[in-house]
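Chemist:
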Amino acid sequence: MDPSWKRILDEVSKEIPPTYFDKFIYTLQLDSLSDQKCILIAPSSNIKTHVEKKYQIYIEDAIFKTIGTRIPVELVLESSGILKTVLNENFRGGSYSFNPDYSFENFVVGNSNRLAYSAAIDCVRNPAEINPLYLFGKVGVGKTHLLHAIGSEILKKDPWKTAYYVDIKTFMSEFLFALQSREAIESFKIKYQSYNCLLIDDIQLLNTGAEKTQEEFFTIFNFLFERKRQIVIASDRPSSELPIQDRLKSRFVTGVQADIQPPDREIRIRILERQGSILNLGLSTEAIELIADLIQEDTRTLLGALNDLALHKRAFSHLFFTASMIEEILKNRIFRKKNLQLSQDKVIEYVSSLYNLDPREIMGKSRKKELIIPRHLCMFILHKCYRMNKSQIGRIFGGEHTTVIHAVRKIESLMKEDKNFSSKVEEILMRFQFQ
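Going by my numbering, the letters in the sequence shown line up with residues 9 to 443, in that order.
#1: What number of angstroms, rounded off, separates the C-alpha of Ser88 from the C-alpha of Leu256?
#2: Name the DSSP beta bridge partners of Gln238, please?
#3: Buried or exposed: Ala331, going by 16 or more other Cβ atoms within 10 Å of its Cβ?
#4: Are Ser103 and Leu163 close, meaning C-beta to C-beta below 8 angstroms?
#5: Just confirm the distance between the C-beta atoms of Val264 and Ile176, as a whole number of angstroms; I'd bet it's less than 8 angstroms.
#6: Compute the Euclidean distance between the alpha carbons of Gln400 and His409, then round it to the nearest angstrom.
#7: Cutting at 7 angstroms between CB atoms, please list the residues of its own chain near Glu369, excluding the five before and the five after it.
#8: Where do the ends of the beta strand (DSSP E) carrying Phe144 lie?
#9: Might you give, ordered along the chain, the residues of its own chain that have their beta carbon closer than 6 angstroms to the beta carbon of Asp200, omitting 5 neighbours on each side?
#10: Have a look at Ile275, Lys354, Ser12, Ile277 and flag the residue whose alpha-carbon is nearest the alpha-carbon of Leu437.
#11: Looking at the unbroken beta strand (DSSP E) that takes in Tyr104, where does it start and where does it end?
#12: DSSP three-state call for Leu291: helix, strand or coil?
#13: So, Thr152 versus Ser202, is the Cβ gap smaller than 8 angstroms?
#14: Where Ile279 and Asn134 are concerned, what is the direct C-alpha to C-alpha distance, given to the nearest angstrom?
#15: List the DSSP bridge partners of Gln265.
#16: With H, G and I counted as helix, E and B as strand and the rest as coil, what does DSSP make of Ser430?
#17: The alpha helix (DSSP H) with Gln64 in it runs from where to where?
#18: Grab the span of the alpha helix (DSSP H) containing Val20 for me, first residue to last.
#19: If you follow the beta strand (DSSP E) that Val175 is part of, which residue opens it and which one closes it?
#20: Tell me which same chain residues have a C-beta within less than 6 angstroms of the C-beta of Leu422, skipping the five on either side of it?
#21: To the nearest angstrom, report how far apart Glu19 and Ser189 are at their CA atoms.
#22: Taking the beta carbon of Ser126 as the centre, do at least 16 other beta carbons fall within 10 Å, making it buried, or is it exposed?
#23: Among the residues of its own chain, which have a CB less than 7 angstroms from the CB of Cys468, if the five just before and after it don't count?
#24: What first and last residue would you give for the alpha helix (DSSP H) that runs through Leu422?
#25: Pull up the distance between the alpha-carbon of Tyr34 and that of Leu17, whole angstroms please.
Okay, structure coming up:
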């Protein structure tokens, strides 16, 4: 430690309680000390801000007492050893290690996903001709699978290229970390601007509150787009429904938007045949068709059902599965599916009858006062009783997830204000929770 800085620290320690001295002052490092300025390095932006507000005057007084000259103190952020390590690990660039199971060969193609599959193939054959490719659909329909397949194939075709997959939550976390220092933010930018192909998952989680992140994403998007680098984005909804800035939405519509629907019966059967063979379940044609009819939501639920059967086969040494065995093993999955299928109509019909309304009025766009509470109540029940996500409920009522958030909060507020209304809602919840 520099002897001058040690003497300065000794003086500061006389004025500040030990707990605060150790936490804020002792963590500082001396960068330079001259007749004009003292530059100190802070390990984090929080410490930098706190010292500037509360303790900088004590440091300047200590310098005056130590060297006899009153000079200004400037605090800067610089990469510590830990920060440099993280920068090297997270911002060094290079391609992503794509999941080999998520290949084009393993992707079962049918009418519900053919457009998305064809567009993904085009991204590999003719990079940036479709730019960006925007894939959207419910959970478990194969969006992430296609993102990995595109990245893998681009690297096979042109090994010198770089391709990178990132979900938007990771992107946001990296950006927040990078804001700690100038070096980190530059490394962050260089990393994302270096890719020949950028694959972004779950873009719907980039919300209007993340202004700085949206600005940075917009800058990176434009940089890659203008240089004809391939960009592929996946979401659970069309770009028009995203809770982001309009200028970003306008960028997403310049390419191709491909809707991936839940797997139809043909695809479900083919998935069951392939995965059932891999798991050595020995399923008959009739058994496969039964499962395909019982489980219709998405690919993940379908594969989960096969894993349930595989576990029972290992545990009980089943040689084959009868229809009754399959229904018993999968009864919980089937029950949840039936509940979700029936819940929408049942809830809307019941609430309509309570308020003497036509169900079509509740489902409509009218903003009449007498329709708002029943409509909000339907959204509230579907969310609370059936755990339907807000985006799914929003689509049922022709709105966005923000509308559902408002509806849930409104009903909760009314329940606090009106005991009779609260009792009515609790009664309705009890009715549907145990159906």
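By construction, the Cβ of each residue, glycine as well, lies at the ideal position given by its N, Cα and C atoms.
Modeler: Once the coordinates are examined:
#1: As a first step, residue 88 must be located in the sequence shown, where it is residue number 80. As a first step, residue 256 must be located in the sequence shown, where it is residue number 248. Confidence in Ser88 is poor, its pLDDT being 48 and thus under 50, which makes the residue's placement too unreliable to answer from.
#2: For this step, residue 238 is matched to residue 230 along the sequence shown. DSSP lists Cys205 as partners of Gln238.
#3: On the sequence shown, position 323 is the one that residue 331 refers to. So Ala331 ends up on the exposed side.
#4: Residue 103 sits at position 95 when you count from the first residue of the sequence shown. Residue 163 sits at position 155 when you count from the first residue of the sequence shown. In contact: Ser103 and Leu163 (Cβ atoms closer than 8 angstroms).
#5: In the sequence shown, the residue the question calls residue 264 occupies position 256. In the sequence shown, the residue the question calls residue 176 occupies position 168. Between Ile176 and Val264 the Cβ distance is about 20 angstroms, and since that is not below 8 angstroms, they are no contact.
#6: Working through the sequence shown from its first residue, we reach residue 400 at position 392. Working through the sequence shown from its first residue, we reach residue 409 at position 401. Spanning the two alpha carbons is a distance of roughly 8 angstroms.
#7: Taking the first residue of the sequence shown as 1, we reach residue 369 at position 361. Counting only Cβ-Cβ distances below 7 angstroms, and skipping sequence neighbours, we find Leu379.
#8: For the purposes of this step, residue 144 is taken as residue 136 along the sequence shown, with counting starting at 1. Taken as a continuous stretch (DSSP letters only), the beta strand (DSSP E) holding Phe144 covers 141 to 144.
#9: Along the sequence shown, one-based indexing puts residue 200 at 192. Checking the displayed sequence, the identity of residue 200 turns out to be Tyr instead of Asp. So the qualifying residues of the chain are Ile228.
#10: Along the sequence shown, one-based indexing puts residue 437 at 429. That would be Lys354, whose Cα lies nearest to the Cα of Leu437.
#11: Looking up residue 104 in the sequence shown gives position 96. It is not in any beta strand (DSSP E) - Tyr104 carries neither H nor E in the DSSP assignment.
#12: Translated into positions along the sequence shown, residue 291 becomes position 283. Coil.
#13: Mapped onto the sequence shown, residue 152 falls at position 144. Mapped onto the sequence shown, residue 202 falls at position 194. Taking 8 angstroms as the Cβ cut-off, Thr152 and Ser202 do not qualify as a contacting pair.
#14: Along the sequence shown, one-based indexing puts residue 279 at 271. Along the sequence shown, one-based indexing puts residue 134 at 126. Going by the C-alpha atoms only, they are around 29 angstroms apart.
#15: Residue numbering aside, residue 265 sits at position 257 when the sequence shown is read from its first letter. Its beta-bridge partners are Tyr142.
#16: As a first step, residue 430 is located in the sequence shown; it is residue number 422 there, counting from the start. Residue state, collapsed to three classes: helix.
#17: Along the sequence shown, read from residue 1 onward, the residue named residue 64 stands at position 56. From DSSP, the alpha helix (DSSP H) with Gln64 extends over 64 to 75.
#18: Here residue 20 is taken as the residue at index 12 of the sequence shown, counted from 1. Segment 11 to 21, the alpha helix (DSSP H) holding Val20.
#19: By 1-based counting over the sequence shown, the position of residue 175 is 167. For the sequence presented, residue 175 should be read as Asp rather than Val. Asp175 -> beta strand (DSSP E) spans 171 to 175.
#20: To locate residue 422, count along the sequence shown from 1; it is residue 414. Closer than 6 angstroms at the Cβ level, and outside the excluded window around Leu422, lie Phe429.
#21: Position 11 of the sequence shown, counted from the start, is the residue given in the question as residue 19. Position 181 of the sequence shown, counted from the start, is the residue given in the question as residue 189. One C-alpha to the other measures close to 29 angstroms.
#22: The residue given as residue 126 occupies position 118 in the sequence shown. Ser126 should be labelled exposed.
#23: No answer is possible for residue 468: the residues shown for the chain start at 9 and end at 443.
#24: Here residue 422 refers to the residue found at position 414 of the sequence shown. Counting along the chain, the alpha helix (DSSP H) containing Leu422 begins and ends at 409 to 425.
#25: One-based indexing of the sequence shown puts residue 34 at position 26. One-based indexing of the sequence shown puts residue 17 at position 9. Their Cα atoms are separated by approximately 8 angstroms.
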